[in-house]
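There are 6 protein chains.
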Amino acid sequence: MQPLSEDPTEKTVITFGEVMLRLSTVGHTRFTQAQQFVVNYAGAEANVAVSCSLFGLRAAHVTRFPDHDLGRAATQALARFGVDTRHIHYGDERLGLYFLENGSMQRSSRIIYDRFDSAFANIRPGEFDWDTILAGADWFHYTGITPAISQGAADELMKALEAARKAGVQISGDINYRRNLWQYGKSARDIMPELIALTDFVVAGQTDIENCCGITGRNYEEACQRMMKEFPAVRKIASTERTSVSSSHNRICGMLWNGKALLKSKEFDLTHIVDRIGAGDAFMAGLVFGFVTGRTDQDALEFAAAACAWKHSVDGDFNIGSVAEINALVQGENVGKLLR
Amino acid sequence: MQPLSEDPTEKTVITFGEVMLRLSTVGHTRFTQAQQFVVNYAGAEANVAVSCSLFGLRAAHVTRFPDHDLGRAATQALARFGVDTRHIHYGDERLGLYFLENGSMQRSSRIIYDRFDSAFANIRPGEFDWDTILAGADWFHYTGITPAISQGAADELMKALEAARKAGVQISGDINYRRNLWQYGKSARDIMPELIALTDFVVAGQTDIENCCGITGRNYEEACQRMMKEFPAVRKIASTERTSVSSSHNRICGMLWNGKALLKSKEFDLTHIVDRIGAGDAFMAGLVFGFVTGRTDQDALEFAAAACAWKHSVDGDFNIGSVAEINALVQGENVGKLLR
Amino acid sequence: MQPLSEDPTEKTVITFGEVMLRLSTVGHTRFTQAQQFVVNYAGAEANVAVSCSLFGLRAAHVTRFPDHDLGRAATQALARFGVDTRHIHYGDERLGLYFLENGSMQRSSRIIYDRFDSAFANIRPGEFDWDTILAGADWFHYTGITPAISQGAADELMKALEAARKAGVQISGDINYRRNLWQYGKSARDIMPELIALTDFVVAGQTDIENCCGITGRNYEEACQRMMKEFPAVRKIASTERTSVSSSHNRICGMLWNGKALLKSKEFDLTHIVDRIGAGDAFMAGLVFGFVTGRTDQDALEFAAAACAWKHSVDGDFNIGSVAEINALVQGENVGKLLR
Amino acid sequence: MQPLSEDPTEKTVITFGEVMLRLSTVGHTRFTQAQQFVVNYAGAEANVAVSCSLFGLRAAHVTRFPDHDLGRAATQALARFGVDTRHIHYGDERLGLYFLENGSMQRSSRIIYDRFDSAFANIRPGEFDWDTILAGADWFHYTGITPAISQGAADELMKALEAARKAGVQISGDINYRRNLWQYGKSARDIMPELIALTDFVVAGQTDIENCCGITGRNYEEACQRMMKEFPAVRKIASTERTSVSSSHNRICGMLWNGKALLKSKEFDLTHIVDRIGAGDAFMAGLVFGFVTGRTDQDALEFAAAACAWKHSVDGDFNIGSVAEINALVQGENVGKLLR
Amino acid sequence: MQPLSEDPTEKTVITFGEVMLRLSTVGHTRFTQAQQFVVNYAGAEANVAVSCSLFGLRAAHVTRFPDHDLGRAATQALARFGVDTRHIHYGDERLGLYFLENGSMQRSSRIIYDRFDSAFANIRPGEFDWDTILAGADWFHYTGITPAISQGAADELMKALEAARKAGVQISGDINYRRNLWQYGKSARDIMPELIALTDFVVAGQTDIENCCGITGRNYEEACQRMMKEFPAVRKIASTERTSVSSSHNRICGMLWNGKALLKSKEFDLTHIVDRIGAGDAFMAGLVFGFVTGRTDQDALEFAAAACAWKHSVDGDFNIGSVAEINALVQGENVGKLLR
Amino acid sequence: MQPLSEDPTEKTVITFGEVMLRLSTVGHTRFTQAQQFVVNYAGAEANVAVSCSLFGLRAAHVTRFPDHDLGRAATQALARFGVDTRHIHYGDERLGLYFLENGSMQRSSRIIYDRFDSAFANIRPGEFDWDTILAGADWFHYTGITPAISQGAADELMKALEAARKAGVQISGDINYRRNLWQYGKSARDIMPELIALTDFVVAGQTDIENCCGITGRNYEEACQRMMKEFPAVRKIASTERTSVSSSHNRICGMLWNGKALLKSKEFDLTHIVDRIGAGDAFMAGLVFGFVTGRTDQDALEFAAAACAWKHSVDGDFNIGSVAEINALVQGENVGKLLR
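Residue numbers (our numbering), protein chains in the order written: chain W, -15 to 324; chain A, -15 to 324; chain H, -15 to 324; chain C, -15 to 324; chain E, -15 to 324; chain R, -15 to 324.
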């Protein structure tokens, strides 16, 4: 559906994870003032799929929705941006959701999650036929949110990783440690290491690394070195580094450890932030795009950091932006101009 | 807060039940088209409390909310209309919610419920101190939804009824049978009879009576007669009778069996319906107001039926209308006029 | 500005009266639910001017506004539709305003006026140079609202009528009796008769005639006959006749007594009413247009009644409709069709 | 994407035609009052594709868009509802558009077209590879709008029909005569007959038949008989019959001539109309669904008429409705009920 | 209604003053562009009451409203946030109102007041029973706006202060000098000194002190010293200090003279301002909360300054913020973070 | 209509150029996310006319619109702000339009033009009677956009300039080179020089000068000197100088070469930009106002630069601002204050 990308590739990315209904307050409204909630359907992995699709890759998302109109609407939200939705399953449970109060100035944004017992959480072992889904795929992406949701989701993710490994598909994992999840009896330390052991490319901050693997270091570089030692499959580790002046003003850059050097991207000064949710997923999609299309580490990192910065200017979780637009931002071209 | 009622009474009504976040589509939008959901906080019993408060009664609502800003917003939604919210408890669980797609023309309205495991459902036995809450009260109102939610809610309701009975408080129950609830192991037939046995005033249609008590009849009157025989505490049984031409056009009237005769109210032709949700609760509130202020059966019924009709013209679950306005509609005064 | 009318005339209409800020609730919202008010600037006489301008006549409105941005906005609201605003004066007082709650179904529309001590009410004697304003004009229109506002407004209106009479300008007056006004010490009976004595064309219902002139009759025709007897200058008397089934459903037709016969127009069945405010002014403008362009009494009446019916489909006080559109409605052409 | 249909079929429908940007006024607003236009992307043939997709068929739409973000948005609007957009081409010209003023009451809806020189009008001969597109398809649908747009569009449509015929694909054509188009030098009478000669199933009213083929009759049945005689390929001819009480109130039914009898569907009384645009396309999609899934003529006609009625309750051109919902309306089940 | 405050106190605050209807333009819209006005009900003293209630104090507001639905809506706006509205009186006059045009960038915000002859201005001597109202109260708060409105309001305020003094209730007064008020024949210098003489705690800038008491000084400290000398009841004087870079960017801090030292709070850099109206009242409420709960002067001042800063991020006049949120801002915790 | 300007002049400005329908996305929405487009009617020259009218000058705009309701709406948009619309012609073609995606942060604003074959482009030679239009006028303004649209527009503009010259009317031209226009066979270099030769006052940046006249220079001053040498009629050349930090943050100042010196205005730091479209026209209107009312070069430039800065805070193309407001900004008074 995106034949318009300047350089569409024939590469295929598969993502797997929960998609939730995001209900966000309008403008600067607080929860207790809300007369309406804005509707978005989003999830960390699906956000990556949408962005990859808009970058010209083939992307398919695998998930499970309730068998009612909110599930259908969620599917349509992905299909709209060209994501292949054929592998989505439908069942009887609820759609996970979260409420978002947009912060302003010194006031922080707040999220109230309401995602337990969702259709995704109730995935039964063997629900998806991964060999079929992954046939012909180039890349598989997951996050650390999925195994934190339920035993079924964790088990299914492990099956997916094994199938991907077997099929020679590259695997990326965004560790994304969430303290509030992991309520089904397992901890991140119980599960994450065996998933990471099958992963080629990890996105994780230093605290993620500590929380999920128990690996520490005097700095990010040392933590990465130790992680690679423990997980020989891992070839690259990346992260964003964010400074919050206020809810309306952040600074962000990207870092990547490729086993030899800690690369750093240009830093972006993000004043007048529109919507920061999904910026990490935009970074992730930028990396996937960069690597799957054969960019150098530094180029992929610069592209990913610019994608991350760009996302802050777009409403919703999805990073509506093209390769041409992100490239221009990498080059510093047309920034803030009026393009006629 | 409503010192403006033409005839404020000193009577006090206590209601008990779940309040949910209602998320409704805008205008005629379908679920899959929704960009925004309109926010209301409502529940069958709370709707009665709000309407009673606007009629000049003292009203207090008892419920349990999650201890976060959506719970606070729900409390504020009741407090705004003068309902006493001091007895509301707060805990750690989620807020029940439901999604509403407004029907139009031949297309029906649809509701998707998402209310399991709510803060209300997790009421623990003895959570509320009913003797204190009911001190000085004149009326207690419940619906058949509450015992359908969880064992805890059913138990707590029984405690409330026993306390009310002991304190000489009048009790009304709107049977309101909901097939989709009753999922915790008990059926309506298991629980409802012992609640009805303590109830003075019942609102129930013929199928409600059958579903909850196993009582049938050749017609409504016969069913009522048999119900009264089986439940000697019950003194009056009422119901609305609705004819649906389309989602935009209904006809409605009220019926009341007082042990001697089946009274019928004027019928209202409801074209151009704005929002029918809560119309039954508006009818209920009209009856409570009528009886607690000493109207005759026929007058109370006419007032309740007019309140029910009026509700169809008001957005949201709450019946925003005053005694003067409902009285005028009973009299057929000013209908459709421009009042300067 | 309306060179597009199929048959623009060179006739000029002058109107005089207060323009208020109308603050109306959105959709079916009640006053106590209102989060926003929709802004319109309107007044009975200015509504006539706007409609005449859209019918291709030259129209100028004379009024007085406060000297701040709301006054400027009111002027702009008239200028936008081609009304000549050169004669508007500006002073230090407030802008009169009114709040409108749109009725629905059996629930009536409600207006809360807040118009005392406005810039218009504070017109000082001799404020306007009527000889200049009326030079070259063909028609002058006023309503009974103006003399009800203040002594200054009543005096200025009398000056205008005398100047119009002197200049041979046709005069129309819409009696429009408002019980809530007339608070400055005079009653309608004190003032209206001397204004009517200078009027060629009167719009008044039977109760208006009684309230303002003390003239009664067994029916409208008799009241008109007696009125003409008492006021020999009056040559025609017209009125609309409205039946309110509900706020959403009215029926309306026009009547005109021309001294010989009581003419009746086609009746319009108005279901799904959008906005009835200003419908009387639309009727008035239809009559002015009909007479100033030389239509027969029956034709002018049919045009005016159709204009009145049309207005019910248009948001706001102004009747946005062209001569071609109103003519088509008179002919029953294209009613409810999709015009491509 | 619609695995949820109760009975998804493996049938594939291909549609071909222009998709325009529809800019409609909000609510009852007139063009000259519009502060905002609501955005929809729609076209007669694409509307059929979307509805077929929501009915569980595989549907692909073929068209040509400008190579900018409005073209991309139009593609996404189709993809969202599961329509296959792989065959869409992109070029340098503009996107056709139309402005819609929603009528109300006696006031008609109005459309201002602005569609000349669009990317679709500039289709070059041989632009699409019809053999590939039609491979495996079961049905091809076009309308009489396409050949009216430009010579290129007319030529390409002929190529498509020839390819479909060759491939044994069923062909439906909705004649849909538009007086304002046909501006490139050819008339409907020049072009339509040769297209109809290749068509199995025609939707056309009596005036369409006369305008496009010069065939008249004393009634619809006679016109259909004569048409079939002249065009032996045509096996069925259908039409809707609409009575307009007002813009808010129509009555509609369907008719179908199958060579033997003139079948009539149930008539629907459509009060409180939400949006009638696309109702004819909803009827068409109902017929396609009915025939491709093997319903009887009468059943297909009832389904199509109910689909057409249902569309009036849905905002936008697309008929958002499922087979289950339309079936229920055919059966008269749940009409106007509140479905929990 | 705020049992959720981390540390609810049993302290009670009484406020007295006018509540107006605030009509503000949407977003960056200018008055002459406004299609809608956003509705808020607010007043300097009621703003303090609402904020105190949200901080967990008991708060009651005393005022007078017109006896129509706008008065009721104003009452409900206070009740919603837990403010006790039992002491509000209702009468026949209008509701004061003000129009707000939100400034942006270098363009200033503008207010047009329309508050004369309001229900509050027409308070009659002895209207309120202060002994009953103040029974059990800990704090009474007023502003210099009330005595500027009318002689009746000034007299009633004096009665309130005398009753408070008698009852041993702490008194705070925010001088808040308004040049445009004071139109009933008295000046601030005539009235304010006798009110200040009964006040324990004063909020006033240096120009307020000069305008109301004729007291000058080389700097704020000196002016405070002289004021305390002249008004021995006054124990503390505080003020905010605001630097306006633009409408979107201010800097603010708080100062407090406690008779011994001039304390200063942290300064906040306020970029991306959402709504600055009511920030002074938020500061005031912070001080009331701080002192009534026994914080030290410096702690109370820091809390108040942070409350003031926080308010700039919240739409409307009310400071929607909890003690926990303000405390976190004082500590610099979580500023601009995404709180999950 | 603007008798409220502090110093209304009797000067008359005539502008000539296309007015388009601007369709802009809401808030930060991208084109592909747009559910609605905001409606504005605007054009470079008409923007100048509106601003001049709001500054108290008499302004008339000359253009050509399609003869349908969008043309009428465009006329009304100008008339609303007091612009004389009597000279506007109407014909059969379309209204030019453009789509605007508001940029945010590092993301640029984007415009998609759709203006070919408009009613304006189809101006026929001699369409307007310039002698009549210019009678009594003081100033005529055009831009380099008009001759770029079509041969007819270019020819008509030349006729206007000749008539203005003959009538002794001052002429200003804003060169405004647009690469995407000039598609009818002529280039800017073919046409612009003969227009500039008749122009007194030119607004042009250095690249405009090069693109339209082939004149280069080491800096702006030298380019201006050479331009004046080649075009002796030109007496002053001005331009704005913009630095884009991001879409939300620019810096701007004005420059003016008066034949002797290159004057520079104060620079404005424009954070939190609301809408930059039309800022150049606001600058132009400021210069016209300054010169026609006899300000010095430096004063006119400061006023124009402040007008340009002010525009960035106003939604839409029109610079809603008064002389008093712009003067205050020149003086640095009240910047960012709350004006009660």
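Cβ coordinates follow ideal geometry from the N, Cα and C atoms, glycine included. Note that the coordinates shown come from a computational prediction; the quantities given were computed from them, not determined experimentally.
Is there a Cβ from chain R that is less than 8 Å from the Cβ of residue i?
i, result
"V22 (chain W)", "no"
Would you report the Cα separation of residue i and residue j, rounded to the nearest angstrom?
i, j, result
"Q20 (chain A)", "S8 (chain A)", "8 Å"
"A148 (chain W)", "A137 (chain W)", "16 Å"
"V229 (chain W)", "L254 (chain E)", "11 Å"
"A289 (chain A)", "D192 (chain A)", "19 Å"
"R94 (chain W)", "R163 (chain W)", "15 Å"
"I129 (chain C)", "E77 (chain R)", "21 Å"
"G238 (chain C)", "M268 (chain C)", "10 Å"
"S(-11) (chain E)", "A18 (chain H)", "Confidence at S(-11) (chain E) is low in this model, with a pLDDT of 46, below 50, so its placement is unreliable and the value that follows should be read with caution. Distance between the alpha carbons of S(-11) (chain E) and A18 (chain H): 29 Å."
"D259 (chain A)", "F65 (chain C)", "29 Å"
Would you identify the three-state DSSP class for residue i, choosing helix, strand or coil?
i, result
"L(-12) (chain R)", "Because L(-12) (chain R) sits at a pLDDT of 41, beneath the cut-off of 50, its placement in the model cannot be relied upon, and the point is left open."
"D68 (chain H)", "strand"
"T130 (chain H)", "helix"
"L54 (chain H)", "helix"
"A217 (chain R)", "coil"
Give a yes or no on whether the minimum CB-CB distance between residue i and chain H is below 8 Å.
i, result
"G136 (chain A)", "no"
"L7 (chain E)", "yes"
Among the options, whose alpha-carbon lies nearest the alpha-carbon of residue i?
i, options, result
"E2 (chain R)", "R:P50, R:M239, R:R42", "R:P50"
"V307 (chain R)", "R:A105, R:D283, R:Y74, R:G87", "R:D283"
"A245 (chain R)", "R:D113, R:L5, R:G110, R:Q209", "R:Q209"
"A266 (chain A)", "A:R70, A:D281, A:G300", "A:G300"
Please tell me whether residue i has its Cβ less than 8 Å away from any Cβ of chain C.
i, result
"V258 (chain A)", "no"
Sort out for me which residues DSSP pairs residue i with in a bridge.
i, result
"N24 (chain E)", "E:R6"
"I155 (chain H)", "H:F124"
"K248 (chain R)", "R:M239"
Is there a Cβ of chain W sitting closer than 8 Å to that of residue i, yes or no?
i, result
"F343 (chain C)", "The shown model of chain C, from -15 to 324, leaves out residue 343 (chain C), and the question about it has no answer."
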